[in-house]
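First up is the structure itself, then whatever we jot down about it.
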Ligand SMILES: [Zn+2]
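Chains as they are written, first to last, in the working numbering: chain X, 3 to 94; chain B, 1094 to 1574.
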């Protein structure tokens, strides 16, 4: 893996890499990618793409509200909340 | 409009509409605007690990309904992908959207602009989940996920508008159409219809230029203004030998300018991949038949039919077709036997005034909220046509229908406003007033027409306004000669 690709990937995952970490990961990630590369050796040219291993039929849900009473609980699980908002450090 | 430009303009729109479903796209949370923050959330739309999305059937139906109305090729297989991005308006770090196999492709839509019919093509129409809302204040961001996971349909036009005015005209017609289809309420201020625009200019014949994207356009008027501004700005840059930078700009309505968002424009890499939790959607023939059946006459066609079949003016037809409820109401009134032109005139005039008075709009016509049922308006116009009442009384009766929720003939009877029954009585009243005012009679005989008004006024007073002024005039003529 090219170092630039690694740094861009890290930036997109919001990860700050030190130079030492980047150097270490460059080799490690390359090895992982090489391992996955094996899959590309399989000939799939005659197979339709699959997105799901089990469900092949349409799986639809009726448009009916599902009463859910744990909103408060869910909001309280956030590290910080105020007036029912979930509060995080400013991301603007 | 001044086409001072020596460049060719290319404008495209990216529209998002919130579908009118009861629940969100992948969970049973209510899809509702204006509720207390985070009151319509669950583990699915908050992106908890291990949850499974389940596709809302109605959202799919509404999406195909729009795709069909926009003349798209309808997908025999639709698929969802994960669009990866890191921003806390969605908690999963990806948005479930469609990429490889959207529900609709290659559509087009016809709309009125510049006195003619124009056609815009659509690249694609796809269904996705909406993001939550955030307020940024001080060092903190406040997140509300009520909107996260609600059903959003994205419509992307080809960059084929040549003028900002066309984009505005299209947007208004498009908004009207989705409201007629009943798939979206079209409220741009509340954001249930959102529009971003892209624009590039180039020397004629050279094809697309470098485009900028303009956001924060909360009304169709802003779309036009922002595009006019942005076109002038790009012209200035090019004329001074500069280059357009591909970027996103925000429309500032107060300053009437677009401003660069100055974000790092690393080309977005969303790393789309198929959503493994959702199987592809493969509709059967019954589904396509149902979509076909759900199609309605679109506003443009309906407007044309109203002008051709009923002889309405384009303004009248436009006014009536603006709301499907009003158009249905108008046609119901005509079907019940009212004269079409009179009905149109009344709906646009007195009825509109009354609706306004009681804080209703033409969208309420024909609904329970509105006391003036199609039957009642038809009866009222019938009494007017039969000279049972005259215009002013008809207007009073109309107001009374709204105030008292009664049939017009009941109101006219109760109030003693019926003027047709006593043509003979009316003659007696006129005679009496003439007898009491011999000098007036002399004046009229002498050719002075002004005192006629005096007599009519006296008669109206004596009949409490029910007399038909025209009848009074003809009786005066008959009695005095
Ligand atoms: Zn939910």
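Quick reminder that beta carbons are idealized off the backbone N, C-alpha and C, glycines included.
Residue from the options whose Cα sits closest to the Cα of residue i
i                      : options                           : result
residue 1341 (chain B) : B:1529, B:1210 and B:1304         : B:1304
residue 69 (chain X)   : B:1123, B:1172, B:1380 and B:1294 : B:1123
residue 1147 (chain B) : X:53, X:55 and X:60               : X:60
residue 1142 (chain B) : B:1529, B:1187 and B:1465         : B:1187
residue 1511 (chain B) : B:1370, B:1476 and B:1525         : B:1476
residue 1258 (chain B) : B:1322, B:1404 and B:1552         : B:1322
residue 1268 (chain B) : B:1110, B:1466, B:1177 and B:1496 : B:1110
residue 1071 (chain B) : B:1168, B:1255, B:1263 and B:1155 : Residue numbering for chain B in the displayed model covers 1094 to 1574; residue 1071 (chain B) lies beyond these limits and cannot be assessed.
residue 1328 (chain B) : B:1558, B:1100 and B:1567         : B:1100
residue 1254 (chain B) : B:1292, B:1270, B:1277 and B:1244 : B:1292
residue 1429 (chain B) : B:1402, B:1470, B:1396 and B:1453 : B:1470
residue 1545 (chain B) : B:1527, B:1484, B:1559 and B:1132 : B:1527
residue 1457 (chain B) : B:1432, B:1431, B:1421 and B:1473 : B:1421
residue 1326 (chain B) : B:1344, B:1313 and B:1314         : B:1344
residue 1386 (chain B) : B:1105, B:1159 and B:1131         : B:1159
residue 1061 (chain B) : B:1223, B:1489, B:1433 and B:1459 : Nothing can be reported for residue 1061 (chain B): it is not among the residues displayed for chain B, which extend from 1094 to 1574.
residue 1371 (chain B) : B:1132, B:1241, B:1423 and B:1189 : B:1189
Any C-beta of chain B under 8 Å from that of residue i
i                    : result
residue 61 (chain X) : yes
residue 93 (chain X) : yes
residue 7 (chain X)  : no
residue 48 (chain X) : no
residue 4 (chain X)  : no
residue 14 (chain X) : yes
Beta-bridge partners of residue i, as assigned by DSSP
i                      : result
residue 1288 (chain B) : B:1108 and B:1310
residue 1211 (chain B) : B:1204
residue 1490 (chain B) : BP columns for residue 1490 (chain B) are empty, so no partner.
residue 83 (chain X)   : X:88
residue 62 (chain X)   : B:1148
residue 1219 (chain B) : B:1247
residue 1171 (chain B) : B:1374
residue 1163 (chain B) : Beta-bridge pairing links residue 1163 (chain B) to no other residue.
residue 1197 (chain B) : B:1167 and B:1218
residue 1598 (chain B) : Here chain B covers residues 1094 to 1574 and nothing more, so residue 1598 (chain B) does not appear.
residue 1485 (chain B) : The partner list for residue 1485 (chain B) (beta bridge, DSSP) is empty, contrary to what the question assumes.
residue 1305 (chain B) : B:1292
Cβ separation of residue i and residue j, assumed to be a contact under 8 Å, to the nearest whole Å
i                      : j                      : result
residue 1436 (chain B) : residue 1427 (chain B) : 6 Å
residue 1266 (chain B) : residue 1221 (chain B) : With 8 Å as the limit, residue 1266 (chain B) and residue 1221 (chain B) do not qualify as a contact, their Cβ atoms being about 24 Å apart.
residue 1121 (chain B) : residue 1182 (chain B) : The pair is not a contact, with the Cβ atoms about 21 Å apart (cut-off 8 Å).
residue 1444 (chain B) : residue 1519 (chain B) : That pair is no contact at about 29 Å.
residue 1320 (chain B) : residue 1410 (chain B) : In fact, because the Cβ distance is near 28 Å, the residues do not count as touching under 8 Å.
residue 1215 (chain B) : residue 1165 (chain B) : 7 Å
residue 1247 (chain B) : residue 1107 (chain B) : 7 Å
residue 1127 (chain B) : residue 1185 (chain B) : With a Cβ gap of about 24 Å, residue 1127 (chain B) and residue 1185 (chain B) do not count as contacting.
residue 1134 (chain B) : residue 73 (chain X)   : 6 Å
residue 1219 (chain B) : residue 1252 (chain B) : Not confirmed; about 18 Å, so no contact.
residue 1163 (chain B) : residue 1193 (chain B) : About 20 Å; that fails the 8 Å criterion.
residue 1232 (chain B) : residue 83 (chain X)   : Not really, about 16 Å apart at Cβ, beyond 8 Å.
Cβ-heavy atom distance, residue i to ligand 2, below 7 Å
i                      : result
residue 1137 (chain B) : Although ligand 2 was asked about, the structure shown includes only ligand 1 as ligands.
CB contact below 8 Å: residue i versus chain X
i                      : result
residue 1135 (chain B) : yes
residue 1109 (chain B) : no
residue 1114 (chain B) : yes
residue 1277 (chain B) : no
residue 1342 (chain B) : no
residue 1131 (chain B) : yes
residue 1558 (chain B) : no
residue 1463 (chain B) : no
residue 1175 (chain B) : no
residue 1123 (chain B) : yes
residue 1287 (chain B) : no
residue 1374 (chain B) : yes
residue 1172 (chain B) : yes
residue 1362 (chain B) : yes
residue 1179 (chain B) : yes
residue 1368 (chain B) : yes
residue 1255 (chain B) : no
(request) Could you run through the segment 62-78 of chain X and flag, in chain order, every residue whose CB is less than 7 Å away from some CB of chain B? (result) Taking 7 Å as the Cβ-Cβ cut-off against chain B, the residues of the segment 62-78 of chain X that qualify are 62, 63, 64, 65, 66, 67, 68, 70, 73, 76 and 77.
(request) Pull out every residue of the segment 1192-1204 of chain B whose Cβ sits closer than 8 Å to any Cβ of chain X, in chain order. (result) Result list empty, no residue passes.
(request) Give, in chain order, every residue of the segment 1138-1168 of chain B whose Cβ lies closer than 8 Å to some Cβ of chain X. (result) Close to chain X, meaning a Cβ-Cβ distance shorter than 8 Å, are the following residues of the segment 1138-1168 of chain B: 1139, 1147, 1148, 1149, 1150, 1151, 1152 and 1153.
(request) Closer than 8 Å, Cβ to Cβ, to anything on chain B: give me those residues from the segment 16-44 of chain X, in chain order. (result) Listed by position along the chain: 16.
(request) Give, in chain order, every residue of the segment 1231-1245 of chain B whose Cβ lies closer than 9 Å to some Cβ of chain X. (result) Hits within the stretch, in order: 1231, 1232, 1233, 1234, 1235, 1236, 1237 and 1238.
(request) Could you name the residues of the segment 1206-1229 of chain B whose beta carbon sits closer than 8 Å to any beta carbon of chain X, in the order they occur along the chain? (result) From the segment 1206-1229 of chain B, only 1227, 1228 and 1229 have a Cβ closer than 8 Å to chain X.
(message) Residues of the segment 1421-1436 of chain B in Cβ contact with chain X at a cutoff of 8 Å, in chain order, please.
(response) From the segment 1421-1436 of chain B, no residue has a Cβ closer than 8 Å to chain X.
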